[in-house]
Amino acid sequence: MAAKRRTEQVEETRAKLIGAARRAFAEKGYSAASMDDLTAEAGLTRGALYHNFGDKKGLLQAVIDQIDAEILEQMRAAGQQFESKWHAFLAEAITYIEMSLEPEVQRIMLLDGPAVLGDPSQWPNQTACLRTTADMLSALIAEGTVKPMDTEAAAHLVNGAALNAALWIAASSEPVAALPRAVDAFRVLMSGLLVNPPAAAH
-6 MAAKRRTEQV EETRAKLIGA ARRAFAEKGY SAASMDDLTA EAGLTRGALY
44 HNFGDKKGLL QAVIDQIDAE ILEQMRAAGQ QFESKWHAFL AEAITYIEMS
94 LEPEVQRIML LDGPAVLGDP SQWPNQTACL RTTADMLSAL IAEGTVKPMD
144 TEAAAHLVNG AALNAALWIA ASSEPVAALP RAVDAFRVLM SGLLVNPPAA
194 AH
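Next up, the structure:
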């Protein structure tokens, strides 16, 4: 029981620090967020932060992981509205691009994240994401919807296109105007994967 309680305390401490950091990073940005302020808000010490996350950068990674998990849930929900695998696949990717308009996602994941943690395509969560995309492409090829191709290579290209669209929107001086442009271009790119692409409008 004591071990279970300790585990619960650790989880509670981590949750408090992640919550305080998420608010601070969203409001002030990563560089302006003070570790003393956010630990005080969580009612904890700097020692607790270092013990659980190593440093401020580790805390940012934990916040991004939490946001990423929430985005994944929204993507799945968007995909579940379609019976066709292809339309579900497209809806999930477009939902990811659309999330770039969310202030938290924009500031923490797409602006501060790459500046502090480096290339997002190399982040730990991308490996699972690429595997999911490759598996979906394999299923779409098997049912004859998508042209036969190397699914690992295609997964890198599809995910890279969605990620770069989101990064471009977040960095744009007019993100709201950039979003439909990015989504339209992404749809055209994706249609190139189809065995029978939709006829072009004249």
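Numbering (our numbering), first residue to last: -6 to 195. Here a beta-carbon is modelled for each residue, glycine too, at the ideal position from N, C-alpha and C.
Given residue i as reference, the closest of the options once Cα atoms are compared
i    : options                : result
A33  : A158, G12, S24, A19    : G12
A280 : S114, G137, G106       : An answer regarding residue 280 cannot be provided, because it is not within the stretch -6 to 195 covered by the chain.
A148 : T138, D128, I162, A135 : D128
T88  : Q73, S77, R100         : Q73
P107 : N152, R69, A164, A71   : A164
L150 : W79, G185, K49         : G185
A171 : D112, G47, S93         : S93
L160 : P96, F82, L133, M183   : P96
A158 : A178, A132, L130       : A178
M183 : G47, W79, R15, S166    : W79
S24  : I101, A86, A8, A35     : I101
Residue i beta carbon near the ligand ZN (any heavy atom closer than 6 Å)
i   : result
I57 : Only the bare structure without any ligand can be found here, which leaves the ligand ZN out of the picture.
Reduced DSSP category for residue i - H, G, I as helix; E, B as strand; rest coil
i    : result
W79  : helix
G36  : coil
Y23  : coil
Q59  : helix
G12  : helix
D30  : helix
G72  : helix
G207 : In the structure as shown, the chain starts at -6 and stops at 195, and residue 207 therefore has no counterpart that could be examined.
Residue burial classification, residue i (beta-carbon count within 10 angstroms, cutoff 16)
i    : result
E197 : Outside the shown range of the chain (-6 to 195) lies residue 197, about which nothing can therefore be said.
T126 : buried
E4   : exposed
T0   : exposed
E199 : Outside the shown range of the chain, which is -6 to 195, sits residue 199, and nothing can be said about it.
D112 : exposed
Q99  : buried
K49  : buried
D30  : exposed
Threshold first: 4 residues or longer. Then list the alpha helix (DSSP H) segments lying entirely within the segment 127 to 192, N to C.
144 to 164, 168 to 184
Those runs of the alpha helix (DSSP H) which lie wholly inside the segment 94 to 126 and span at least 4 residues
106 to 110
Would you check if there are 3 or more beta carbon pairs closer than 8 Å linking the segment 42 to 61 to the segment 137 to 148?
no
Check whether the segment 181 to 192 and the segment 105 to 123 are in contact - that is, three or more C-beta pairs closer than 8 Å.
no
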